[in-house]
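Colleague: In the working numbering, each residue's number is its place in the sequence shown (first place is 1) plus 959. One structure follows; several queries about it will come next.
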Amino acid sequence: SLEEHYAHLEQIFKIYEEENIKLKFSKCVFAKDKINFLGYEIKEGCITPDNRNIESIKKLQPPKNVNQLQGFLGSVNVYNKFIDSYAKIREPLSQLLKKDKQWHWTAECQEAFELLKNKLVTKPVLQLYDPKLPHHVLCDASQVAIGAILKQPDSSGNLHPVSYLSRTLRSYEKNYCITELECLAIVDALDKFYYYLHGKKFIIHTDHAAFVWLKNVKNLRGRLFRWSLKLSMFDY
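What follows is the structure in structure tokens.
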């Protein structure tokens, strides 16, 4: 509410006065329901990419060489936190950046290019984190990448993303079976969302019986033991 906003401002100004911190009035805005800050638009408990930046990405044409591809990925990577399965989607494009890789723009590359653009053009939204709301972690894995989403419900009970995790598999991880990859996605999610989840009770959603498998394996060693130990630190 506006009254809460005024109360927060009073607290902040008091701290600034005590610490002798000065503000330039022309650079300040107050009592706004929407602000643009560092390339983001923050409004009503949500954060989205700034429209001006998205419009410039929308106009980009398919790259013709490595330098143009690097420019495109640089523009998109700024907003990778808004894109579900980002690492998996961009993998065909990442392959073209490898040393001594011959440039060959395939249909798969074009599909990845268009999908990344569309993911941003449709104005993705992240809900601002609220420690008082229930926490849901959705995990997934493939032979290329792992990913996870931290979600929280709105007032109607609908889940909305708060943060994404997405990365490609390391060379040695590609030897894992799908059950191990699902476990890896969960463990990575706990690392990524640690400050959101530690000390909180939360729900993990996964399309594989990774937990059951990990709990039933006898005489755990190596990475399986480390994963099991990490899981025991959380309340899910």
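C-beta atoms are modelled at their ideal positions from N, C-alpha and C, and glycine is treated no differently.
1) Please tell me whether Leu-1149 and Met-1192 are closer than 9 angstroms, where the distance is taken between their beta carbons.
2) Could you check where the alpha helix (DSSP H) with Gly-1030 kicks off and where it finishes?
3) Spell out a yes or no on whether the segment 1127-1135 and the segment 1163-1177 are touching, meaning 3 or more CB-CB pairs, one atom from each, closer than 8 angstroms.
4) What residues match up with Ser-1115 in a beta bridge as DSSP calls it?
5) Spatial neighbours of Glu-1050 within its chain, please: C-beta separation below 8 angstroms, excluding the five flanking residues on both sides.
6) Just the C-alpha distance for Gln-1020 and Lys-1076, rounded to the nearest angstrom, thanks.
7) Got a sec, what are the start and stop residues for the alpha helix (DSSP H) Glu-962 sits in?
8) How about Ser-1125 and Ala-1066: are their beta carbons less than 9 angstroms apart?
9) Tell me the rounded alpha-carbon separation between Ser-1053 and Ser-985.
10) Restricting to Cα atoms, I'd like to know which of Ser-1187, Glu-1003, Glu-1073 and Leu-1140 is closest to Leu-1032.
11) Taking three-plus beta-carbon pairs below 8 angstroms as touching, is the segment 1091-1099 in contact with the segment 1008-1015?
Modeller: According to the structure data:
1) yes
2) 1025-1036
3) no
4) Partner(s): none; Ser-1115 has no beta bridge.
5) Ala-1071, Val-1103, Ala-1104 and Thr-1127
6) 10 angstroms
7) 961-977
8) no
9) 43 angstroms
10) Glu-1073
11) no
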